[in-house]
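Residue numbers (this note's numbering): 150 to 694. Take a look at the structure set out below.
Written out as structure tokens, the structure is:
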């Protein structure tokens, strides 16, 4: 029995349904007078689906970064308020100075960061800190969205496994805490993420520029930036199925050597420009912190090893899978390795939560996605589980304390503000929070903002400060930190203090006669003692005023 011909409206409806399914066809439709040709193209539907997928992936990546940053938004460190004080003085028109009446000094390693905060710093250092925290969280959140898109572009025989690497983002306390710390680290982590994500999305030179900007802000990132920029030349040139983040139409192909040279220039010249500016302004190419905190190779090696075990790179240990990887993911592995070696050579860091390796952690995530796509499922599950175990150990052990740091610092500022009233020159090791508590001139016993003290023998917590320096600077107040669990003794010079330079000052001849306790903060773990200079009397080593 012959099948009856379909009415015209049914045939048109079928064409529409076929278009929705993405079919590509030419369907003639008879109306008795003409033949209409309806061409349905698959590409339009694929592009719409690709954009929606890309949007969802980017939102998932951004959310994975934002939630831990919000949970740890109370974290900060004293150095963040050092930069904030520079920014406040810039906002007041006093210039690039740590002390309002002091000299121009190179007290902020990321040169230019204080200028970025200056528009928000008119209300004081705490206002600048709040702006820095918001900028860091916003930058890292947006960059994490791009990183998730790059993970989605990973190809391989086990492509679904690539998304397991994204679990490293929300599990990372260092990424979340440092994004919200008020330091430059959140912005640098965002630049590190874009440096590896943009090449995967077809924007290799833009990624090199981001790598260069990161190295300009953090000098130890230069080797990482150069390796990433060079390796990115081997990244896939296409961005995928027309989704968000697709690369622009490619211009006429340049020779490989020209592309590599341009990438290296974008990655390296910002570092050179900053070093040249430092040399011209301050007389040295390296930041002042490099002089104040002399590198310790043994400490650096221990620091890098601990960071490797606890921040996620364990997920990259897959020698068999490495052989199956193309050049671009191998370059990511090399960049991560080079950065950990650079951190070890720099002597590590005294700040908590692996600050110096945080900018390379987005590269760890993307490299882990490539490794997962090439390795066996069981091996991938084991590596990701071990990496997450290290991260969760840090989150559980350090996270709650880290989240309270900012609030505790603010309590110290409020408690000791009165005891510091009237002081003209205050000497201390932790000068960041002091800059929010008093407008007095501060003598930085770590030397981070003071070239003369930075040049003294010892590390930044063990400088051998001579008593004559306190006299020459006119110091009328000292602020020292008691060791963990210790109370102020009588006399106060018999107390046990937290750092070597503080213990040294307490043992200077005549210190007990020259200074008297005025207040002790009541915040656990932050038991600062304010000592005011006594009037009259002479003492050897430290002379009363």
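Think of the CB as a built atom: it goes at the ideal place given N, C-alpha and C, for glycine as much as any other residue.
7 angstroms CB neighbourhood of residue i in its chain, flanking five on each side removed
i	result
residue 637	631, 644, 666, 669 and 678
residue 507	323, 324, 327, 334 and 338
residue 653	613 and 614
residue 166	Reliability of the predicted coordinates at residue 166 is poor, the pLDDT of 42 falling under 50, and no value is obtained from them.
residue 228	332 and 581
residue 253	244, 245 and 246
residue 260	423, 426 and 427
residue 541	320
Proximal residues to residue i (C-beta, below 8 angstroms), its chain only, five neighbours per side dropped
i	result
residue 680	626, 627, 628, 629, 641, 664, 665, 666 and 667
residue 405	382
residue 567	668
residue 572	587, 589, 625, 626 and 681
Beta-carbon separation (whole angstroms), residue i vs residue j, contact threshold 8 angstroms
i	j	result
residue 224	residue 297	Incorrect: roughly 24 angstroms between the Cβ atoms, too far for contact.
residue 377	residue 421	Incorrect: roughly 17 angstroms between the Cβ atoms, too far for contact.
residue 220	residue 537	Actually they are not in contact, since the Cβ atoms of residue 220 and residue 537 sit about 17 angstroms apart, beyond 8 angstroms.
residue 569	residue 587	4 angstroms
residue 607	residue 574	Not quite, the Cβ-Cβ distance comes to about 22 angstroms (not below 8 angstroms), so this is no contact.
residue 518	residue 311	4 angstroms
residue 466	residue 532	6 angstroms
residue 383	residue 521	Residue 383 to residue 521, Cβ: 19 angstroms. No contact.
residue 523	residue 473	4 angstroms
residue 381	residue 353	4 angstroms
residue 197	residue 436	Wrong, their Cβ atoms sit about 50 angstroms apart, outside the cutoff.
residue 458	residue 539	6 angstroms
residue 209	residue 239	About 39 angstroms; that fails the 8 angstroms criterion.
Residue i versus the options, residue with shortest Cα-Cα distance
i	options	result
residue 279	236, 314, 311 and 316	236
residue 513	498, 198 and 300	300
residue 498	610, 528, 662 and 433	610
residue 409	375, 573, 465 and 572	375
residue 277	605, 265 and 286	265
residue 262	234, 242, 248 and 272	234
residue 222	282, 245 and 478	282
residue 500	471, 463, 486 and 554	554
residue 249	573, 571 and 590	590
residue 379	564, 484 and 648	484
residue 294	284, 205, 559 and 411	205
residue 650	577, 467 and 313	577
residue 372	522, 509 and 203	509
residue 462	647, 489 and 504	489
residue 525	403, 424, 309 and 199	309
residue 255	476, 231, 271 and 268	231
residue 564	258, 458 and 672	672
residue 761	370, 287 and 658	Residue 761 lies beyond the stretch modelled for the chain, which goes from 150 to 694, so this question has no answer here.
residue 480	460, 552, 604 and 348	348
residue 660	647, 648 and 682	682
residue 478	267, 303 and 272	303
residue 515	482, 207 and 542	482
residue 275	633, 504 and 226	226
residue 529	503, 476, 468 and 511	468
Local conformation of residue i per DSSP, three classes
i	result
residue 227	helix
residue 247	coil
residue 743	Since the first residue of the chain shown is 150 and the last is 694, residue 743 is not available in this structure.
residue 590	strand
residue 188	Its pLDDT being 44, under 50, residue 188 is placed unreliably in this model, and the value from its coordinates should be taken loosely. Here residue 188 sits in strand by DSSP.
residue 575	strand
residue 669	strand
residue 376	helix
residue 632	coil
residue 626	strand
residue 597	coil
residue 257	coil
residue 174	Only weak support exists for where residue 174 lies, its pLDDT of 39 falling under 50; the coordinates are left without a value.
Beta-carbon proximity list for residue i, same chain, < 6 angstroms, skipping 5 on both sides
i	result
residue 290	211, 214 and 215
residue 675	557 and 561
residue 340	359, 362 and 363
residue 292	339, 342 and 343
residue 217	319 and 325
residue 445	496
residue 416	357, 360, 361, 374, 375 and 378
Contact test: residue i Cβ vs the ligand HEM heavy atom, cutoff 6 angstroms
i	result
residue 588	Questions concerning the ligand HEM fall outside what the structure shown contains, since it holds no ligand whatsoever.
For this session: Could you tell me whether the stretch 581 to 589 touches the stretch 606 to 622, using the rule of 3 or more Cβ pairs below 8 angstroms?
Result: A contact is defined here as three or more CB-CB pairs under 8 angstroms, and the stretch 581 to 589 fails this definition with respect to the stretch 606 to 622.
Exercise. Do the stretch 364 to 372 and the stretch 310 to 321 make contact, defined as three or more Cβ pairs closer than 8 angstroms?
Worked result: no
Exercise. Counting pairs of Cβ atoms below 8 angstroms between the stretch 438 to 449 and the stretch 584 to 599, do you hit three or more?
Worked result: yes
For this session: Evaluate contact between the stretch 342 to 359 and the stretch 446 to 466, counting only Cβ atoms and requiring at least three cross-stretch pairs below 8 angstroms.
Result: With a cut-off of 8 angstroms on Cβ pairs, the stretch 342 to 359 is not in contact with the stretch 446 to 466, counting fewer than three such pairs.
For this session: Determine contact between the stretch 531 to 550 and the stretch 482 to 495, defined as no fewer than three beta-carbon pairs at a distance below 8 angstroms.
Result: no
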